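See structure below.
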Amino acid sequence: MLNQLTLTELVARLARREVSSREATQACLDQIQRVDGQIRAFISYDAADAMAQAEAADKALASGQTHAQRPLLGVPIAIKDVIAAKGQPLNCGSKILGNFISPYDATVVEKLKAAGAIVFGRLNMDEFAMGSSTENSAFQVTHNPWDLSRIPGGSSGGSAAAVVADECIAALGSDTGGSIRQPAALCGCVGLKPSYGRVSRYGLVAFASSLDQIGCFGKQVRDAAIVLKAISGVDHRDSTSVPQPVPDYPAALTGDIKGLRLGLPKEYGLGSPGSAGVSPASAGGLDPEVKQAVEVALKHLQNLGAEIVEISLPHTDYAIATYYIIATAEASANLARFDGIRYGARVAGADPIELYSKTRGAGFGAEVKRRIILGTYVLSSGYYDAYYLRAQKVRTLIRQDFLSAFEKVDAIICPTSPTAAFKIGEKADDPLQMYLMDIFTISVNLAGICGISIPCGFTAWPKLPIGLQLLGKPFGEETILRVAHAYEQSTPWHKEKPPLAS
Amino acid sequence: MDYEAVIGLETHVQLKTKSKMWCGCANEFGAPPNTHVCPVCLGLPGVLPVANEEALRLTALTGLLLNCSLPPYAKFDRKNYFYPDMPKNYQVTQYDKPSAVTGYLEFEFNDSLARVRITRAHLEEDVGKNFHFDRNSGVDFNRAGVPLMEIVSEPDLTSAVMAYEYLNALKDILVYGGVSDCDMEKGMVRCDVNVSVRPKGQSELGAKIEIKNMNSFSGVRKALDYEIPRQIEVLKSGGKLIQSTRRWDDPAGITEEMRTKEFAHDYRYFPEPDLMPFQPTEAWLEEVSRRVIELPLARKRRFIRDYQLPAADAQTFVWDRPLGDYFESIAKQAKSPKAAANWVINNLRAKMTESGTTLADVKFQPPAILELIELVENGKISSRIAQDVFTEMFSAGESPAKIVEKKGLAQVSDTAAIEKFCDEAIAANPGPAADFRAGKTAALNFLKGQVMKLSKGKANPALAGEILERKLKAGMETGN
C-alpha cells in the first residue's frame, strides 16, 4: 500500500510515474479512516483539500516538473497543530483558540508547498506543546501504535504516531525540550530537531521562543534529510533564523562513518562496552532495557568504524531546572495574547480583567496554567535575579559544555528517553516524573544544538520501540544524519511495523 | 519656607517611518479602523517581529541630535501587562540596554541658555486605540506596532513654563531632524510628567508623582501649574506626599490620583527572545551620523552671528530651512546680508506664498537678488522700481539688469531732464511752491513726489530734491 512507502520510495515511484499523488494521498486518507479511530493522531483533516492538492501535484508532474525542481512533489505531509497553515484550523491542542482558522502560512508550510508537498491534517499534541505524552491535548488522547494502552510521547505525539501508523508519509513537529525526538523514540520512527536558527519559526505558535524549533518525522533517515533540506534556511520574517547555507543533506548520507568520533557523556550513566559506566543521579531513571539497547548500538557503531570517546557534560544535573525556568518564563509572555479579545474562544466578563480571567480560566488546561504561573513567578520583581538571570547563566554553561565536547568529538550519542512508552494515565498526576522524561533531550534545546532520534531496538514485552539519540554541533545536521543513516541501514529496526499499521 | 519643583519628562514620539516597527504595514494616521493591520501587528498566534531598520536609525539619530552616546549593544525586552489595546499583552521595548544614553538638550529660556540632561532615548512599539460605544467597545489596531521612541530627561526642569519650553525645543529638533512629524493633533507626541517638590536648599528629592499620558504641551504646563502648588500646599499644611500616579483632567483643570506605589505594576521585564541584540557597526553609525543636521538653536545663533541678522529673521530661516539655505547661498557674497535677507523674506517668500510655488520653481538664479540690490545701491534704479523689477524677475526669470534695460526703468540722473520735470512741477503747483518759500519745508516732499510721477518713477529722487530746492530758493532770491 502506498501509504506504507517511505518518502524516498514514494518520490521514486511518483517520478517514474508508476503511481499518482492522488493514489498516495488517498491511501493515507484510507489509512486514517481505518486506524485513526484507535490512534487518534489527527485532530482534523480536510480530505477534499488534500485531494485537490494531490491533483495539482499530478498535473505538475504531468507537465514535466521533476523532483529535482520540487523534491516533495506529490508527497502527503501532515502538520502538528502548532504550525500555521493558511485556511486550516490552528488550535495548538487547546480549547482557547476556539474555531480559529489561520489566515497565513508558516514559512515551513510555504516551503513545503513550494517543494510540492500535499500539506494536510492537524496532528494532535500536548496543549501548546507542553507535555511529554500528548495527554495534555484538549481534544483527545493519542495512542501509541505499538500498544494502544500507551502514550505516544509528546508533545508531538500525533506526528510520531501518524508516521508510524502510515497515516502520512512524513510529518512536521516542533521540539522545545524533546518534543520531536522523544515521541519518535517512543513510537519508533526518525525524529529530527534541527539547530536553533536552522529552520524559520515564523508561523510556529511559540511556547518558549529561545528553545522552540520546527523539525520533522520520517520513516527513515533519508526521508528526514530530504524534508530538512526543504524547510531549512534563513527567513527575513524570523530574526533568529541564521543565514547559514543549506547543505545537500541527503548527499551527506554516505554510509561511511569510519574514523568519526562519537562522544559518550559520562554523566548519562552508560558504559561503552568494556568500560565501567558511572551512574549519577540524573541517570537514575534509565530503564535497563533502554540502557542495554543503547550500549549494543554503541558496539554496533564501533563495528562500523566509529570511535567511542568518553566526554563530560558537567552541568547536566541543572538542565531540567534551568529549562523549566526559561521555558516557563517565555511561555508566560508568549501565551498572554490568548485573551479572548481579538480571536479565539471568549468567556464574557463585566470588564476586561474579568473577561481575561474567565476566558483563560476556561480555555487553558492544567499543565499550561501551571507553567504560566511558574513563569510569571520566576520573572516577578525580586525573584528575577535568583531564577531567570541565574538560569540564563547556567544555560550558557550548558551550551559551553557541549561546545567543549564538540572540540573532541563529531557527535554525541545517548538514549533519547530514559524509558519506553508508559501507560496512558500513569504519570498524569505527577508532573515532576513527566518532566524527567526529557532528561536526555532538554539540554539540546538549551544549547541550541541539533539532535536526531532513531530506532535502536525494542523492549522484550510488551514490544515497544527504543530510541537512540545522536547530537550534533550547531548546524552539524549532516554529521548526525550520516551516523544515523549508517546505523539505520545496517540494523533491522526501521523496517519493523506495529501490527495495527499493516 | 520656600519650595521648589523638580520635574523630569518622559516624552513618547511616533517615528517618521514608512512602515510599522515589526511588520510592513503602513505607519499612517487616519485610515479607517483596522485597515493597516496584518498577522504580525495583530499578534496572531505564531508571528514574529522583525525590527524596522529605519526606526533604529532614527533613534540613533535622535541620540546624536541630543548629544547622547550610542552604546555598542542595545536590546529589546518584553514588558508584560494585560490591556485590550495590546495585541500580545506585552510591549516590546528597550528596558536596560537602550539605543542612546546620557545626552543633553539646550534651549533658550529666560533670556539665557538652559541645559537639560537626557537620560536615554529608547525604541518601543505603540499600542492600539480603544473606542467605547454605547453598549460595547472596540479596538483599532492601526496604531499598534507604530515605532515609538521614548526620550527620558533627568529631573533638571524647575517650572511649568520651563517644561513647556523644553518640550517645544525637543519637538523643534525632532521635526528638524526628520525624526518625527510631532503632530500633536494626530497623537504623535505623548508625555509622562514626573514632578516632586522639596524645600529650597534641600538636596534630597521629594516623593515622585507621575502624571501620565499627557497629549499636549500646554496640557503639561497647565497640569504642572496645578500640581506644583498642590504638592507645596500639602507639605505646608503638614501633610505627606507618597509616590503615586495621577492623571490630568483637562476640562476640570485638576490632577487626580490613579494608583499609589503599593499597587504599581510589576512588568516582569525580560529580554525579547524573538529579536537579536542590536550591535551597530561602524558603517551603520557612519551612515546615521551623515544624517545629523545643525540644530535649530545653533542655526539661529549662527545666522545672527555670521550675518548680523535680527533674531526674527534668523528664526524665520530656522523655521523655513530651505529658505534659510537659499539665503545662505547668497549671503556670503552680499555686501549687506540684512538687505539680502529682507529681499528673501519680504519679497521672495511673499511671492511664493502668493503664487503657491516653492524654491524649486523660482526662475531666476539666487545671485540675481544680489544684482538687484546692487542696482539700487548704485542708484541705477529706485527702491520703488526695484519692486517692479523683482516682480518681473519672479515671473520671467530674466536678470535684473536686462529687465531694467529692456523696460527703460533706469533711474534718470540726467540733470537737464530732471530740471525740466522740476520746472513743470513748480509751475503746476504754485500753492506748495509758495508754502515752501514761506518756510514749510515739508512741501518739498510733495513737489518731489510730483517730479517722480512726471518721470514715471525714474527720476533719481535725491537729485530731484536737490534741483527742486535750488530752483525754489533761487526764485526767493530773485523775488519771483
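In order, the protein sequences belong to chains A and B.
Just remember that the working numbering sits 65 ahead of the position in the first sequence, which is counted from 1.
Just remember that the working numbering sits 72 ahead of the position in the second sequence, which is counted from 1.
Even glycine gets a Cβ: it sits at the ideal position worked out from N, Cα and C.
Everything numeric in this text was worked out from a predicted model, so none of it was measured.
Where the beta strand (DSSP E) through residue i begins and ends
i        : result
B:Met221 : Pro219 to Ser225
A:Lys258 : Val255 to Lys258
A:Ile142 : Pro141 to Lys145
B:Thr89  : Note, B:Thr89: premise wrong, no beta strand (DSSP E); not H, not E.
B:Trp320 : Ser316 to Asp321
A:Ile183 : Ile183 to Leu188
B:Arg331 : Ile326 to Thr332
Contact set between residue i and chain B, taken where Cβ atoms lie within less than 9 Å
i        : result
A:Ala394 : Arg340 and Phe342
A:Val184 : Within 9 Å Cβ-Cβ: nothing; A:Val184 doesn't reach chain B, min ~15 Å.
A:His301 : Val122
A:Ala171 : Gly118
A:Asp212 : Correct list: empty, because the minimum Cβ distance to chain B is about 33 Å.
Residue i: contacting residues in chain A (beta-carbon distance under 9 Å)
i        : result
B:Asn266 : Residues of chain A passing the Cβ test: none, with the nearest at roughly 20 Å.
Contact check, residue i vs residue j, beta carbons under 8 Å
i        : j        : result
B:Gly80  : B:Glu178 : no
A:Ser297 : A:Pro259 : yes
A:Ala476 : A:Leu327 : yes
A:Gly359 : A:Cys521 : Before going further, note that residue 359 of chain A is Val rather than Gly in the sequence given. Yes, the pair counts as a contact, with Cβ atoms nearer than the cut-off.
B:Ser231 : B:Ala77  : yes
B:Gly250 : B:Lys88  : yes
B:Tyr162 : A:Ala401 : yes
B:Ala279 : B:Leu313 : yes
B:Ala123 : A:Ser306 : no
A:Ile216 : A:Ile385 : no
A:Asp313 : A:Lys284 : no
A:Gln134 : A:Arg187 : no
B:Val261 : B:Lys284 : no
A:Ala549 : A:Leu535 : yes
B:Asp198 : B:Val218 : yes
A:Ala485 : A:Pro530 : yes
B:Val211 : B:Lys201 : yes
A:Val433 : A:Phe193 : yes
Start and end residues, alpha helix (DSSP H) containing residue i
i        : result
A:Gly405 : Premise fails: A:Gly405 is in no alpha helix (DSSP H) and is neither H nor E.
A:Pro496 : Pro496 to Leu501
A:Asn368 : Pro353 to Asn368
A:Ala525 : Note, A:Ala525: premise wrong, no alpha helix (DSSP H); not H, not E.
A:Val228 : Gly222 to Val229
A:Arg81  : No alpha helix (DSSP H) holds A:Arg81; DSSP gives it neither H nor E.
A:Ile108 : Where A:Ile108 is concerned, there is no enclosing alpha helix (DSSP H), although the beta strand (DSSP E) it sits in stretches over Phe107 to Ser109.
B:Ser427 : Arg421 to Ser427
B:Met465 : Ser455 to Ala468
B:Glu496 : Thr487 to Ala500
Neighbour list for residue i in chain D, Cβ cutoff strictly below 7 Å
i        : result
B:Asp297 : The question asks about chain D, but that chain is absent: this structure's protein chains are A and B.
Residue i: contacting residues in chain A (beta-carbon distance under 7 Å)
i        : result
B:Phe350 : Correct list: empty, because the minimum Cβ distance to chain A is about 10 Å.
B:Arg150 : Ala398
B:Asp346 : Ser274, Ser304 and Thr305
B:Leu114 : Arg407
For residue i, the residue or residues it bridges with in DSSP
i        : result
B:Gly200 : None; B:Gly200 has no bridge partner.
B:Glu76  : B:Arg270
A:Val443 : In DSSP, A:Val443 forms no bridge with anything.
B:Val188 : B:Leu177
A:Ser239 : A:Ile279
B:Tyr162 : B:Asn152
A:Arg326 : A:Glu372
A:Thr305 : For A:Thr305, which the question treats as bridged, DSSP gives no partner whatsoever.
A:Cys515 : A:Gly537
A:Pro154 : A:Ile166
Closer than 8 Å at the beta carbon, the chain A residues around residue i
i        : result
B:Leu381 : Ordered by position in chain A, no residue passes the 8 Å Cβ test against B:Leu381, which lies about 50 Å from the chain.
B:Tyr162 : Ala398 and Ala401
Contact set between residue i and chain B, taken where Cβ atoms lie within less than 8 Å
i        : result
A:Pro168 : Pro111 and Leu116
A:Ser445 : Asp338 and Arg340
Proximal residues of chain B, C-beta to C-beta of residue i below 7 Å
i        : result
A:Tyr453 : Phe342
A:Leu188 : Residues of chain B passing the Cβ test: none, with the nearest at roughly 16 Å.
Starting from the N-terminal side, write out each stretch of the alpha helix (DSSP H) that is 4 residues or longer and does not extend beyond the segment 221 to 297 of chain B. DSSP assignment within the segment 221 to 297 of chain B yields the following whole alpha helix (DSSP H) runs of 4 residues or more, N-terminal first: 232 to 248.
Counting only runs of 4+ residues fully inside the segment 431 to 475 of chain A, write out the alpha helix (DSSP H) ranges in chain order. Whole alpha helix (DSSP H) segments, 4+ residues: 431 to 444 and 455 to 470.
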